[in-house]
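*Asks:* In our numbering, the protein residues as written are 1 to 499. Quick one: the structure is below, questions incoming.
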Ligand SMILES: [Zn+2]
């Protein structure tokens with residue numbers, strides 16, 4: 001007996017078996033139930049998301065004599081007759097190979113004949129974006145005035161290539177990528193049904209390899225069943241996918257994130273020598289960094305990623321070790337390679353170049369991160385210092401203010417030199433007393449000269465800011481600069497050179 005692929009064998013034949021397109025299925029079932037059926041539909045979405053399957057179910061459902069919950073019963077005479085491939089009422093045309101205007105005219109001529117089996121003639125045009133301009137025009141004429149028994153279902157992966165005139169005549173349905181979890185459940189159900197043993201993570205890996213396409217996932221599943229001889233393991237699926245050994249891959253990823261060029265090149269050479277495909281290797285690395293970023297940034301990463309516990313833990317360690325910026329740079333470097341590799345015959349050179357530049361990027365990041373950490377430490381230290389400054393600030397500010405007024409009054413009296421000489425003194429306000437502290441003996445002597453002291457006293461009493469204040473001028477001991485050094489050293493650590 002010829003082998004039937006899982007995809008063909010488990011192709012849905014009722015709406016209830018269609019997965020991941022609930023929004024479309026519900027609308028179509030409602031239209032059938034209310035007998036509110038359109039004449040032209042356009043189904044768009046990525047390959048393998050169920051466009052043709054849904055079109056076929058719909059074609060039979062509109063003709064079924066006793067539909068069950070909107071789906072074809074599969075038992076009535078219409079259902080049975082339409083299941084025959086030779087019937088003329090449900091026709092599937094591949095526009096990729098039938099794209100000329102004559103072929104479309106031939107088709108639109110035929111649609112004028114009434115159906116032979118049921119109520120409707122349904123034409124399913126796959127890859128409709130491949131039609132020539134003239135063919136589109138011929139189709140448009142029929143879409144403008146379709147016979148009441150005609151239904152067109154146009155399917156395409158390239159909706160932007162469809163002329164607006166066609167689009168405006170059609171009911172549009174957008175098929176979504178099927179979530180991995182939904183595809184995985186479908187695969188598990190099929191494996192259970194055909195009696196294949198499997199590891200749960202292996203099935204999740206197959207589903208994610210399908211990248212939203214059920215058809216692609218089932219075709220990987222098919223290969224895995226044969227390859228793993230009835231027991232589908234995570235390791236087996238990795239081998240089928242040609243993916244890299246997870247542990248070696250992590251070693252390489254860590255080397256990149258550490259900026260260890262030497263190690264990165266060594267591990268990559270080991271992987272390449274094993275015959276790993278470089279585009280696959282680059283893709284695996286990008287996916288690994290993405291997973292680590294998920295773990296780092298996303299609270300329910302564990303559910304979303306669905307990878308084996310041991311791998312999750314190992315990636316979690318990386319997530320704790322590296323900054324998001326560094327992981328992001330590494331991911332970008334690897335995912336950006338895809339395009340570059342496509343146009344190059346020197347895969348290994350391009351790959352190694354990217355590894356080295358990613359390592360250099362990581363070294364730069366490491367330096368920046370170190371500097372940022374130092375700045376953060378310094379800011380913390382300074383903000384502590386600023387707080388203590390702030391507590392004594394009002395007194396300092398007020399004393400300065402008083403000095404400012406005193407100095408300007410001295411200048412008014414023609415004693416600018418005295419004002420300038422005094423500005424290196426310290427000023428304090430204590431209990432109604434404005435104190436000028438002078439550490440320099442020469443300045444102190446100058447101030448103590450009678451004429452100067454009189455000038456200062458006069459200036460002090462002349463200014464309204466000093467009202468109610470007493471003035472004191474004291475000589476203080478000279479502060480040895482060396483006393484400041486330990487304080488500065490404590491604050492700035494090794495960052496400044498103190499001589
Ligand atoms: Zn039926």
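We put the CB at the ideal spot given by N, CA and C, even for glycine.
Hey, how far is the Cα of residue 123 from the Cα of residue 10?
*Replies:* C-alpha of residue 123 to C-alpha of residue 10: approximately 23 Å in a straight line.
*Asks:* Is the beta carbon of residue 232 sitting closer than 8 Å to the one on residue 224?
*Replies:* yes
*Asks:* Determine the burial state of residue 292: buried for a count of at least 16 other Cβ atoms within 10 Å of its Cβ, exposed for fewer.
*Replies:* buried
*Asks:* By how many angstroms is the C-alpha of residue 22 removed from the C-alpha of residue 280?
*Replies:* 33 Å
*Asks:* Looking only at C-alpha atoms, which of 90, 235, 30 sits nearest to residue 52?
*Replies:* It is 90.
*Asks:* Heavy atom of ligand 1 less than 7 Å from the Cβ of residue 224, yes or no?
*Replies:* no
*Asks:* Assuming contact is defined by CB atoms lying nearer than 8 Å, are residue 500 and residue 429 in contact in what I supplied?
*Replies:* Residue 500 falls outside the range modelled here, since the chain spans only 1 to 499, and no answer is possible.
*Asks:* For residue 349, is the classification buried or exposed, using 16 other Cβ atoms within 10 angstroms of its Cβ as the cut-off for buried?
*Replies:* Per the 10 Å Cβ criterion, exposed.
*Asks:* Please confirm whether any heavy atom of ligand 1 lies closer than 7 Å to the CB of residue 65.
*Replies:* yes
*Asks:* Between residue 509 and residue 415, is the Cβ-Cβ spacing less than 8 Å?
*Replies:* With the chain represented from 1 up to 499, any question about residue 509 goes unanswered, as that position is not in the structure.
*Asks:* So, using beta-carbon positions, are residue 156 and residue 128 closer together than 8 Å?
*Replies:* yes
*Asks:* Please state if the CB of residue 322 and the CB of residue 257 are separated by a distance shorter than 8 Å.
*Replies:* Yes. Within cutoff.
*Asks:* Does the beta-carbon of residue 519, which I'm using as the reference point, lie nearer than 7 Å to any heavy atom of ligand 1?
*Replies:* The displayed coordinates of the chain run from 1 to 499. Any statement about residue 519 would go beyond what the structure contains.
*Asks:* If you count every other CB in all the chains shown that lies within 10 Å of the CB of residue 392, and 16 or more means buried, which is it?
*Replies:* Note on residue 392: pLDDT 48, under 50, position unreliable in the model; the coordinate value appears next. Classification for residue 392: exposed.
*Asks:* Indicate whether residue 152 and residue 39 have their beta-carbon atoms separated by less than 8 Å.
*Replies:* yes
*Asks:* Is DSSP giving residue 229 helix, strand or coil here?
*Replies:* Reduced to three states, the DSSP call for residue 229 is coil.
*Asks:* At a cut of 8 Å, does the stretch 194-206 reach the stretch 64-71 through at least three beta carbon pairs?
*Replies:* no
*Asks:* Report back the beta-carbon spacing between residue 111 and residue 131 to the nearest angstrom; my notes put them in contact at under 8 Å.
*Replies:* Between residue 131 and residue 111 the Cβ distance is about 16 Å, and since that is not below 8 Å, they are no contact.
*Asks:* Going by DSSP, what residue range makes up the alpha helix (DSSP H) through residue 267?
*Replies:* Boundaries of the alpha helix (DSSP H) around residue 267: 261-273.
*Asks:* Could you have a look at residue 251 and say whether DSSP puts it in helix, strand or coil?
*Replies:* helix
*Asks:* Tell me which same chain residues have a C-beta within less than 6 Å of the C-beta of residue 395, skipping the five on either side of it?
*Replies:* With a pLDDT of 45 at residue 395, under the threshold of 50, the modelled position of this residue cannot be trusted; read the value that follows with caution. Cβ within range, chain order: 429.
*Asks:* Quick one: give me the first and last residue of the beta strand (DSSP E) that residue 470 is part of.
*Replies:* 470-475
*Asks:* Kindly indicate the opening and closing residues of the alpha helix (DSSP H) around residue 189.
*Replies:* 180-194
*Asks:* Could you tell me the alpha carbon to alpha carbon distance between residue 237 and residue 202, rounded to whole angstroms?
*Replies:* 6 Å
*Asks:* Ligand 1 heavy atoms versus the CB of residue 76: any closer than 7 Å?
*Replies:* yes
*Asks:* Which residue marks the beginning of the beta strand (DSSP E) containing residue 449, and which one marks its end?
*Replies:* Residue 449 -> no beta strand (DSSP E), and no H or E assigned at all.
*Asks:* Comparing alpha-carbon positions, which option in 199, 326, 95, 375 lies nearest residue 158?
*Replies:* Nearest Cα to residue 158 within the set 199, 326, 95, 375: 95.
*Asks:* With a threshold of 7 Å, establish whether the CB of residue 500 neighbours any heavy atom of ligand 1.
*Replies:* Given that the chain is displayed from residue 1 to residue 499, the structure contains no residue 500 and the question cannot be resolved.
*Asks:* In this structure, does DSSP put residue 41 in helix, strand or coil?
*Replies:* strand
*Asks:* Alpha carbon to alpha carbon, how far is residue 101 from residue 140?
*Replies:* 12 Å
*Asks:* Are the beta-carbon atoms of residue 435 and residue 462 separated by less than 8 Å?
*Replies:* Not a contact, by the Cβ cut-off of 8 Å.
*Asks:* What residues in its chain sit with their C-beta under 7 Å from that of residue 147, if we drop five residues either side in the sequence?
*Replies:* 111, 112
*Asks:* Check for me: the beta strand (DSSP E) holding residue 171 runs from which residue to which?
*Replies:* 171-174
*Asks:* Rounded to whole angstroms, how far is the Cβ of residue 268 from the Cβ of residue 355, which I believe are closer than 8 Å?
*Replies:* 6 Å
*Asks:* Once the 5 residues before and after residue 452 are set aside, which same chain residues still bring their CB inside 7 Å of it?
*Replies:* 418, 446
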